[in-house]
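Peer 1:
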Amino acid sequence: MKRRSLLWTISKTNPFWKTCYPPNHWNCRSAVRQLNSGTDSVRVTPEGNLKHIDIKPMFRINMVGLVFSPDHPYFKEAPEWVIKQGQSSQREVYEHISAERFMGKSIMAEGVGKVEITRKGIREILNQPIDGKLWNLKNHLVFVLDALLNNIESVSEASLSHKPKEAALDVMYRYLKFKGLPQPTGVLRCNQNQTIHFYSITKNKNAD
Numbered sequence: 018m019k020r021r022s023l024l025w026t027i028s029k030t031n032p033f034w035k036t037c038y039p040p041n042h043w044n045c046r047s048a049v050r051q052l053n054s055g056t057d058s059v060r061v062t063p064e065g066n067l068k069h070i071d072i073k074p075m076f077r078i079n080m081v082g083l084v085f086s087p088d089h090p091y092f093k094e095a096p097e098w099v100i101k102q103g104q105s106s107q108r109e110v111y112e113h114i115s116a117e118r119f120m121g122k123s124i125m126a127e128g129v130g131k132v133e134i135t136r137k138g139i140r141e142i143l144n145q146p147i148d149g150k151l152w153n154l155k156n157h158l159v160f161v162l163d164a165l166l167n168n169i170e171s172v173s174e175a176s177l178s179h180k181p182k183e184a185a186l187d188v189m190y191r192y193l194k195f196k197g198l199p200q201p202t203g204v205l206r207c208n209q210n211q212t213i214h215f216y217s218i219t220k221n222k223n224a225d
């Protein structure tokens with residue numbers, strides 16, 4: 018079958034997908050992409066809440082859109098180094114895209130003040146370990162840091178860093194909860210010179 022004959026659009030329920038998923042890491046250039054209504058996997062609803070657009074697991078493997086079913090042998094037999102390499106590449110691409118959007122920008126956040134976004138903060142978000150089910154959501158949030166800061170539900174009181182060197186410099190941290198996102202928590206770093214940086218995103222912390 019010539020590959021040009023596959024240049025068509027069919028529904029996700031079509032039996033075609035049961036036998037024709039292109040392989041990954043086997044020098045095949047076939048690619049299938051999930052269609053969506055926007056460029057981000059997180060969007061703001063008309064009610065002002067943040068909503069995570071579902072991205073099917075087979076579309077999370079890499080940034081070029083290669084697809085294969087979870088029970089496909091290529092998927093099940095992928096060596097650990099391939100998975101780690103894919104995750105590392107994803108972080109690099111996400112960091113680049115987010116940095117182009119936000120690096121060096123300041124956003125006024127209600128109840129907080131002016132929050133600066135740095136490349137170090139973006140990298141910290143992407144490298145922050147988190148529960149597997151939240152890993153993709155946490156990483157996709159680097160694309161909508163402005164929306165997060167405009168949808169703060171609650172902010173914790175500032176607390177002194179538990180790290181001795183930072184504590185000696187009066188470095189403080191505050192934790193944010195966001196509308197429509199009950200689990201991920203934003204972390205702000207308040208420096209001695211009064212600047213506030215978006216420092217990271219982690220799992221549940223008290224932000225009441």
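Per the working numbering, the very first residue in the sequence shown carries number 18; after that it's consecutive.
We put the beta carbon where it would ideally sit given N, CA and C, even for glycine.
#1: Need the endpoints of the beta strand (DSSP E) that phenylalanine 195 sits in, please.
#2: Do the region 124-132 and the region 163-171 touch if we need at least three Cβ pairs shorter than 8 Å?
#3: Suppose you measure from the CA of threonine 219 to the CA of valine 204; what does that come to, to the nearest Å?
#4: Which ranges does the beta strand (DSSP E) cover as unbroken runs of at least 3 residues, wholly within the region 151-209, from first to last along the chain?
#5: Which whole-angstrom value is the C-beta distance of asparagine 156 and leucine 143, which I expect to be below 8 Å?
#6: When the distance is taken between beta carbons, is histidine 214 closer than 8 Å to glycine 121?
#7: Compute the beta-carbon to beta-carbon distance between glutamine 209 and leucine 186, rounded to the nearest angstrom, for a pair I have assumed lies under 8 Å.
#8: Return the CA-CA distance between asparagine 79 and glutamine 200, expressed in angstroms with no decimal places.
#9: Is the beta carbon of valine 159 sitting closer than 8 Å to the one on tyrosine 216?
#10: Among Gln145, Arg118, Leu151, whose alpha-carbon lies nearest the alpha-carbon of threonine 135?
#11: Go ahead and pull the three-state DSSP assignment for glutamate 133.
#12: Roughly how many whole angstroms lie between the Cα atoms of serine 106 and isoleucine 147?
#13: Using a threshold of 8 Å, state whether the C-beta atoms of glutamate 133 and serine 123 are closer than that.
#14: DSSP state of isoleucine 147, grouped into three classes?
#15: Which same chain residues end up closer than 7 Å to arginine 140 when comparing Cβ atoms and leaving out the 5 residues on each side of it in sequence?
#16: Report buried or exposed for lysine 194, applying the criterion of at least 16 other Cβ atoms within 10 angstroms of its Cβ.
#17: For serine 106, which three-state DSSP category applies?
#18: According to DSSP, isoleucine 218 sits in a beta bridge with which residue or residues?
#19: Straight-line CA distance for glutamate 183 to alanine 175?
Peer 2: Taking the structure as given:
#1: What you label residue 195 is simply residue 178 of the sequence shown in a count that begins at 1. Run containing phenylalanine 195: 189-195, per the beta strand (DSSP E) assignment.
#2: Yes, they touch.
#3: Within the sequence shown, residue 219 is the residue found at index 202, counting from 1. Within the sequence shown, residue 204 is the residue found at index 187, counting from 1. About 7 Å.
#4: Counting whole runs of 3 or more residues, the region 151-209 contains the beta strand (DSSP E) stretches 169-172, 189-195, 198-207.
#5: Here residue 156 is taken as the residue at index 139 of the sequence shown, counted from 1. Here residue 143 is taken as the residue at index 126 of the sequence shown, counted from 1. Asparagine 156 to leucine 143, Cβ: 6 Å. Contact.
#6: Along the sequence shown, one-based indexing puts residue 121 at 104. Along the sequence shown, one-based indexing puts residue 214 at 197. Judged by beta-carbon spacing, histidine 214 lies beyond the 8 Å limit of glycine 121, meaning their Cβ atoms are not closer than that value.
#7: As a first step, residue 209 must be located in the sequence shown, where it is residue number 192. As a first step, residue 186 must be located in the sequence shown, where it is residue number 169. The Cβ separation is near 5 Å, so the contact holds.
#8: Locating residue 79 in the sequence shown gives position 62, where the first residue counts as 1. Locating residue 200 in the sequence shown gives position 183, where the first residue counts as 1. In this prediction, asparagine 79 scores a pLDDT of 46, lower than 50, which makes its location untrustworthy; no coordinate-derived value is stated.
#9: As a working note, residue 159 is residue 142 in the sequence shown. As a working note, residue 216 is residue 199 in the sequence shown. No, the pair does not count as a contact, with Cβ atoms beyond the cut-off.
#10: Position 118 of the sequence shown holds residue 135. For threonine 135, the nearest C-alpha among the options comes from Arg118.
#11: Mapped onto the sequence shown, residue 133 falls at position 116. Assignment of glutamate 133 by DSSP, reduced to helix, strand and coil, places it in the strand class.
#12: Residue mapping note: residue 106 aligns to position 89 of the sequence shown, counting from 1. Residue mapping note: residue 147 aligns to position 130 of the sequence shown, counting from 1. About 18 Å.
#13: Here residue 133 is taken as the residue at index 116 of the sequence shown, counted from 1. Here residue 123 is taken as the residue at index 106 of the sequence shown, counted from 1. For glutamate 133 and serine 123, yes; Cβs fall inside 8 Å.
#14: Position 130 of the sequence shown, counting from 1, holds the residue named residue 147. Residue state, collapsed to three classes: coil.
#15: Indexing the sequence shown from 1 puts residue 140 at position 123. So the qualifying residues of the chain are Glu112.
#16: Residue 194 sits at position 177 when you count from the first residue of the sequence shown. By the C-beta density criterion, lysine 194 is buried, having at least 16 other C-beta atoms within 10 angstroms.
#17: Here residue 106 refers to the residue found at position 89 of the sequence shown. Serine 106 falls in the helix class under three-state DSSP.
#18: To locate residue 218, count along the sequence shown from 1; it is residue 201. Residue pairing of isoleucine 218 in beta bridges, as defined by DSSP: Gly203.
#19: Residue numbering aside, residue 183 sits at position 166 when the sequence shown is read from its first letter. Residue numbering aside, residue 175 sits at position 158 when the sequence shown is read from its first letter. For glutamate 183 and alanine 175, the distance between alpha carbons rounds to 14 Å.
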